[in-house]
Amino acid sequence: VSIGALLVFYRDPVAPPEEPEPSPDIPAKDSESTKLEMPPIPAPVPMDVPAADYGALFACLLINVCLRGAVAELETVTTPFLMARYSMGLPSAASAVGLLGTAGLCVYVAYGAVARRVEDRVAVAT
212 VSIGALLVFY
222 RDPVAPPEEP
232 EPSPDIPAKD
242 SESTKLEMPP
252 IPAPVPMDVP
262 AADYGALFAC
272 LLINVCLRGA
282 VAELETVTTP
292 FLMARYSMGL
302 PSAASAVGLL
312 GTAGLCVYVA
322 YGAVARRVED
332 RVAVAT
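Okay, structure coming up:
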C-alpha cells in the first residue's frame, strides 16, 4: 500500500526555468567621455519553493513503521524458532539473528549508492 501511494502521489521537484542573462547595451563611444555606463541591476526574483508533498511523506512514514515492525518480529519470533526447529542454543540463535540484521544493514547502506544512480520512481517500484 505504501509503495503504491508513493508511486501515485510522489512528485519530483522541478527547478524553475533559468532565464537567460540580458546582454548589456554598450553605448557608443562619446568623444568627450570614454566611460561606459552599466545597465541597472535587476531586482532578485524569488525562488519558487515546492509545496510539501504530504502524500509521499505519509507513505514513507508508513514504510518506516512497517519495516520496524518486520525487524521487531524477526528478532522476537526467529530466535525461539531457530532454537526449537534447529536445536540451536541461545548464543548461536542470537548470532544467526545478528548476522541477518547485519546483512539487512548492509543492504540499507547500499541504497545510498543505488539512489545516486537510479531515479526515485524506479527505485521505489523495484
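The numbering of the sequence shown is this note's numbering, which starts it at 212 and goes up by one. Cβ coordinates follow ideal geometry from the N, Cα and C atoms, glycine included. As the structure is a prediction and not an experimental result, all values here were calculated from the model.
- Following the DSSP letters along the chain, one finds G266 inside the alpha helix (DSSP H) bounded by residues 265-296.
- Counting of Cβ neighbours within 10 angstroms places A326 among the exposed residues, the total staying below 16.
- Nearest Cα to F292 within the set L278, V308, G215, A281: V308.
- Going by DSSP, G312 is part of the alpha helix (DSSP H) stretching over 301-328.
- If you draw a 10 Å sphere on the C-beta of A270, you find 16 or more other C-beta atoms in it, and that means buried.
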